[in-house]
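Right, one structure below, let's go through it.
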Amino acid sequence: MKPPILIIIMATIMTGTMIVMLSSHWLLIWIGFEMNMLAIIPILMKKYNPRAMEASTKYFLTQATASMLLMMGVTINLLYSGQWVVSKISNPIASIMMTTALTMKLGLSPFHFWVPEVTQGITLMSGMILLTWQKIAPMSILYQISPSINTNLLMLMALTSVLVGGWGGLNQTQLRKIMAYSSIAHMGWMAAIITYNPTMMVLNLTLYILMTLSTFMLFMLNSSTTTLSLSHMWNKFPLITSMILILMLSLGGLPPLSGFIPKWMIIQELTKNNMIIIPTLMAITALLNLYFYLRLTYSTALTMFPSTNNMKMKWQFEYTKKATLLPPLIITSTMLLPLTPMLSVLD
Amino acid sequence: MLKIIIPTIMLIPLTWMSKPNMIWINTTTYGLLISLISLFYLNQPNDNTLNPSLMFFSDSLSAPLLALTTWLLPLMLMASQHHLSKEPLTRKKLYISMLILLQLFLIMTFTASELIFFYILFEATLIPTLIIITRWGNQTERLNAGLYFLFYTLMGSLPLLVALLYIHNFMGSLNFLMIQYWIQPLPNSWSNIFLWLACMMAFMVKMPLYGLHLWLPKAHVEAPIAGSMVLAAVLLKLGGYGMMRITTLLNPLTNFMAYPFMMLSLWGMIMTSSICLRQTDLKSLIAYSSVSHMALVIVAVLIQTPWSYMGATALMIAHGLTSSMLFCLANSNYERIHSRTMILARGLQTLLPLMAAWWLLASLTNLALPPTINLIGELFVVMSSFSWSNITIILMGINIIITALYSLYMLITTQRGKYSHHIKNIKPSFTRENALMTLHLLPLLLLSLNPKIILGPIY
């Protein structure tokens, strides 16, 4: 794609999300969502093959439906409250409709079916943008309407998302699908805590974005999209295999890595609100997630898979792929746990 | 406490920046020096704990375990020298760094004063151990072993996290020293039963309790020698230590809830001892004997009498040293014949008489010969369980007999009798191996002169 066009499209994507986050008028929020969605379609279709077109079409259909549903919720809210300002939604129907629409955009269960298929059909870079940047806008709206969200609905969606994200990823060897199911599960964790303490949702989102960015960048270094191609990395970049090990364990939420911070904080907030069984269930289901991350690390870092003879020459060549900000990203994705007491500044 | 933690952290730059032929020497020497520092903590004031900082404390329960942990690092390094000699330099340094990292987490775990801090480090010890088992183990089963190890422990400890956060919410703080003064009796109700289960299952899996012990034979057998040593000697004791800390919060419900676990432990110790009699794999035998000894510790902790706590603490330290020594001896066999089958290397006494002396002493301490601290531990536990219920003496007696049986079985199979004809070419014992056995045995025998150190806070 020619650079000027790419710049305009990227700028539109960012502007769309910014408009969503910064506006207080529901119409502008809808405009921001549409701008974002339309601009990302060419990004999803960077590689011009039928698979990418199918992925973009699916993405477009789900996101457009969700935007329309959001608009309907906004109109019902306008009918009952008489104003367009984003604030507490007093009408439960409007609130449920908006919540459903936003969770459809995020890929929470039961609207999660598009995430693995779309993520699989696109390039790693587009997948990265899809799974990180695109989550910011819906999450910001959920943050703003969080006092009026129906807890039961969102908790149910969160619980089923964690289950689906865990079980769905078990049978996958394609890395993009694994990251898609990981995204579903993490969105589930975030959705669980919105109604109780939205700040923890922002914390989880931040850490999730950091970890996913690092993971995708490590995958892009080797241009690997399957577990098998990742398993050849020990030959080429042995240091990167250790990074993948730590990053996968952090995504799985193991202490003392920073992936544990959101899980710990979310469980703390949920227990403070007298919910004991749900966080226990979510924590145990997160172990399913850990299982397939661990399987990735087994093939990549902890064993040395057989490789072809050509591979052994690869150590001679220095790699030239750009890994922007990779070291700070990895460090923040794995070593932030000792800084958890700093969360007290939020009070 | 920083005087132990910072030197341990600095051991990592020491490994990475030492000259290639000095890495083992440097790390072992400085590891021994660090263990000397930890011995200072054994000087505990009565009726109180040493509180060097807000986050760390040490009392008579954690100080011996701390000394055991720091003592074990140089021993692990000495034991690993042979099987890593063929590896490239970076991998050797990685292995040593994993061991040092594990040591660091263990030190912080045993001295943590806040229970969530303890939990985070408890879980943190899993990662270096997983890496050591899966990356440097020798057979293909090591992948399965790492999975079993990680997931059994995590399944038990995630409810512990929820329970600790609930208790934090309920009591206001989880600082162990303060909670002791705020404890209210825990009445018997369904939700309290689940709270008790959530708190204890993590440590039960770690100990391991008989029904949940499947990870242990896998992990111990597939791990390389340093992994087996640290698993058997220290990581199991994490479970015992955690149980002893958290049962202070859970009275008097423990009297009611302890019954199923007592039954499992009492029956399990006989079962696992009996399995030892039928093992062909030497490391597997030692692993099952660990389960059996730890079942005694579980019984002791659940009874909650002063004598049983003394016995549990003594038994933990004694078993740590004994089990680690047995694994080192098994490894010396393995390095020579590259097989863990016992009958392949018979009659070693004629070929390696000094090693046979260590085998004899290790087996004798394993079967709790007087006056070693193994006996003190077991005797206290047997006596306190007799006072809890008279019938347990039968089970304990059977266990002691079967322990003696399999320890002597192991000794006689490997040492006595005619040697198998294909082991005539084995290398004689290295000085390193003899030093390793001495360093295991010397604390064990010297502690029998003054067992007061390891008898824990109740003494």
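Protein chains in written order, with the UniProt record's numbering: chain W, 1 to 347; chain R, 1 to 459.
Here a beta-carbon is modelled for each residue, glycine too, at the ideal position from N, C-alpha and C.
Since we're looking at a predicted model, the values are computed, not measured.
From the beta carbon of residue 221/R, is the nearest beta carbon of chain W less than 7 Å away? no
Taking the beta carbon of residue 196/R as the centre, do at least 16 other beta carbons fall within 10 Å, making it buried, or is it exposed? buried
Could you check which residue in 395/R, 318/R, 230/R and 19/R has the C-alpha nearest to that of residue 79/R? 230/R
Own chain residues within Cβ distance below 6 Å of residue 105/R, not counting five before or after: 121, 124 and 125
Going along the chain, which residues of its own chain have a beta-carbon closer than 7 Å to the beta-carbon of residue 38/R, five neighbours each way excluded? 4, 66, 67 and 70
Need the endpoints of the alpha helix (DSSP H) that residue 319/R sits in, please. 306-337
Would you say residue 173/W faces chain R, with C-beta separation under 7 Å as the test? no
For the alpha helix (DSSP H) containing residue 195/R, name the first residue and the last one. 190-206
In whole angstroms, what separates the C-alpha of residue 269/W from that of residue 292/W? 27 Å
Can you list the beta strand (DSSP E) stretches of 3 or more residues lying completely in the segment 232-292 of chain W, in chain order? none
Which chain R residues sit within Cβ distance under 8 Å of residue 83/W? By Cβ distance, chain R contributes nothing, its closest Cβ being about 39 Å from residue 83/W, past 8 Å.
Reduced DSSP category for residue 58/R - H, G, I as helix; E, B as strand; rest coil: strand
Per DSSP, cross-strand counterpart(s) of residue 281/R: 341/R
Per-residue burial, residue 158/W [other beta carbons within 10 Å of its own, 16 or more giving buried]: buried
When the cut-off is 7 Å and only beta carbons count, does residue 416/R lie next to chain W? no
Which of the three DSSP states, helix, strand or coil, is assigned to residue 164/W? helix
Which residues of chain W have a Cβ atom closer than 7 Å to the Cβ of residue 169/R, listed in chain order? 271 and 272
Residues bridged to residue 50/R by DSSP? 58/R
Assigned exposure category for residue 394/R - 16 Cβ within 10 Å defines buried: exposed
Go ahead and label residue 190/R buried or exposed: buried means 16 or more other beta carbons lie within 10 angstroms of its beta carbon, across all protein chains shown. exposed
Once you ignore the five residues that flank residue 197/W on each side, which residues in its own chain have a CB closer than 6 Å to its CB? 269
Apply the 10 Å Cβ neighbour rule to residue 114/R and answer buried if 16 or more other Cβ atoms are within range, or exposed otherwise. buried
Kindly indicate if chain R contains any beta-carbon less than 7 Å away from that of residue 287/W. yes
Close-in-space but distant-in-sequence residues of the same chain around residue 417/R (CB under 6 Å, 5 per side omitted): 346 and 347
Around the C-beta of residue 271/R, are 16 or more other C-beta atoms found within 10 angstroms, so that it is buried, or is it exposed? buried
Identify the contact partners of residue 245/R in chain W, using a Cβ-Cβ distance below 7 Å as the criterion. Ordered by position in chain W, no residue passes the 7 Å Cβ test against residue 245/R, which lies about 18 Å from the chain.
Residue of 204/R, 341/R and 326/R minimising C-alpha distance to residue 356/R: 326/R
Can you tell me the Cα-Cα spacing of residue 258/W and residue 210/W, whole angstroms? 10 Å
For the alpha helix (DSSP H) containing residue 120/R, name the first residue and the last one. 115-124
Please look up how many angstroms separate the CB atoms of residue 271/W and residue 162/R, rounded, as I've assumed it's under 8 Å. 6 Å
Residues in its own chain within less than 7 Å of residue 383/R by CB, not counting five upstream and five downstream? 307
Please return the same chain residues whose Cβ sits closer than 7 Å to the Cβ of residue 404/R, not counting the five positions on each side in sequence. 367
Nonlocal neighbours in the same chain, by C-beta distance under 7 Å from residue 72/R, ignoring five residues either side: 229, 230, 233, 234 and 324
Is the segment 200-209 of chain R touching the segment 294-308 of chain W, taking contact as three or more C-beta pairs under 8 Å? no
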